[in-house]
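Colleague: In UniProt numbering, the protein residues as written are 1 to 298.
Ideal Cβ positions, reconstructed from N, Cα and C, are used throughout, including at glycine.
One structure coming up, written as structure tokens, with questions to follow.
Here it is as structure tokens:
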């Protein structure tokens, strides 16, 4: 049995806690649906155990361990913060981390009904996050580049799923992003992976941000794309007015990246419809709705 084939069960989680953090082993353990690179388990009411599963290296968990305690105190929304470290062992040869639980429902299983409040909340969160990062902050390897350097990725999503009736419009948005000026400011902290499964909603609005494995220092446009990917129709303009730090080029890059992210969601939905590993059938409609918002622009 290879590492990726290890079955992660509640009994395994409890055994690992008993070995490394026995004071937590008596708490209730409940599996959390979803997750691909990592599998999540609720631990009592206030904690969660994040188990490395399909991620080939522990880099993403180790990044969260290093930087979330630094960032969390100044962010205006709850984020998962590491409280205990689980190290590889004979029982489970991968990393695992006990983190604070962020209450609410993932947006891919919920909805936003208070659009203006959510737009203001997201803008405030990203204002607080997008500050100059220290020199030792991580640099993205698979994201974070200018759209002109992401053309292969865009095409890999565009070709299989772009609807024929809007394909030309989608490509025009992407081409405009490619033509936009590059980010000229300092490298700022960027979440890097804001999509509906990585934000939590409650009472019709945003209530938390999770999964900082993609965290990097670079171009904030990668997060600003969330104006279309996450928020209801018509809220992008309000978001950018409240955020107040994005120039025209940043908005153009963000809109193109939002188109690419929407196509990715649609592809994951298509994979789910076909029963392929990692596919998410319910992401398809979410991706198409986001793409429609991108094309409307506002």
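So, helix, strand or coil for residue 106, using DSSP?
Modeller: Residue state, collapsed to three classes: strand.
Colleague: Between which residues of its own chain and residue 1 is the CB-CB distance below 6 Å, once the five residues before and five after are set aside?
Modeller: Any reading at residue 1 must be qualified, since the residue scores a pLDDT of 35, below 50, and its modelled position is unreliable; the value itself is stated next. Closer than 6 Å at Cβ, skipping near neighbours: no residue.
Colleague: Bridge partners for residue 98 per DSSP, in chain order?
Modeller: For residue 98, which the question treats as bridged, DSSP gives the partners 49 and 84.
Colleague: Quick one: what's got a C-beta closer than 8 Å to residue 11's C-beta in the same chain, skipping five residues either side?
Modeller: Excluding residues within five positions, none has a Cβ falling inside 8 Å.
Colleague: Below 8 Å on the Cβ atoms is my contact criterion, and I expect residue 97 with residue 81 to pass it. Report the Cβ-Cβ distance as a whole number of Å.
Modeller: In fact, because the Cβ distance is near 10 Å, the residues do not count as touching under 8 Å.
Colleague: How would you label residue 255, buried or exposed, when you count the other beta carbons within 10 angstroms and need 16 or more for buried?
Modeller: Per the 10 Å Cβ criterion, buried.
Colleague: Between the segment 164-177 and the segment 275-284, do at least 3 Cβ pairs fall closer than 8 Å?
Modeller: Output reads no: the segment 275-284 does not touch the segment 164-177.
Colleague: Quick one: residues in its chain with C-beta nearer than 8 Å to the C-beta of residue 284, no 5 flanking neighbours on either side, listed in chain order?
Modeller: Only 265, 266, 268, 269, 270, 272 and 273 meet the Cβ criterion.
Colleague: Count Cβ pairs between the segment 196-212 and the segment 109-121 that sit closer than 8 Å; are there 3 or more?
Modeller: In short, these stretches touch, since the Cβ pair count reaches three.
Colleague: By how many angstroms is the C-alpha of residue 250 removed from the C-alpha of residue 183?
Modeller: C-alpha separation (whole angstroms): 7 Å.
Colleague: Note down the Cα distance separating residue 7 from residue 94, rounded to an integer number of angstroms.
Modeller: So the two alpha carbons sit approximately 12 Å from each other.
Colleague: Out of 18, 108, 219 and 196, which has the shortest C-alpha to C-alpha gap to residue 87?
Modeller: With distances taken between Cα atoms, residue 87 lies closest to 18.
Colleague: Take residue 83 and list the residues in its own chain whose beta-carbon comes closer than 6 Å to its own, dropping the five residues that flank it on each side.
Modeller: Only 98 meet the Cβ criterion.
Colleague: Can you give me the start and stop residues for the alpha helix (DSSP H) that residue 251 sits inside?
Modeller: Residue 251 -> alpha helix (DSSP H) spans 248-273.
Colleague: If you reduce the DSSP assignment to three classes, tell me which class residue 217 lands in.
Modeller: Residue 217: strand per DSSP, three-state reduction.
Colleague: Identify, in the order they occur along the chain, each residue of the same chain with its Cβ nearer than 7 Å to the Cβ of residue 261, setting aside the five sequence neighbours on each side.
Modeller: So the list reads 195, 225 and 229, once near-sequence residues are dropped.
Colleague: Can you check which of these residues, 177, 77, 92 and 109, is closest to residue 129 by C-alpha distance?
Modeller: Considering only alpha carbons, the answer is 77.
Colleague: Just the Cα atoms here: how many angstroms apart are residue 103 and residue 140?
Modeller: Approximately 28 Å between the Cα atoms of the pair.
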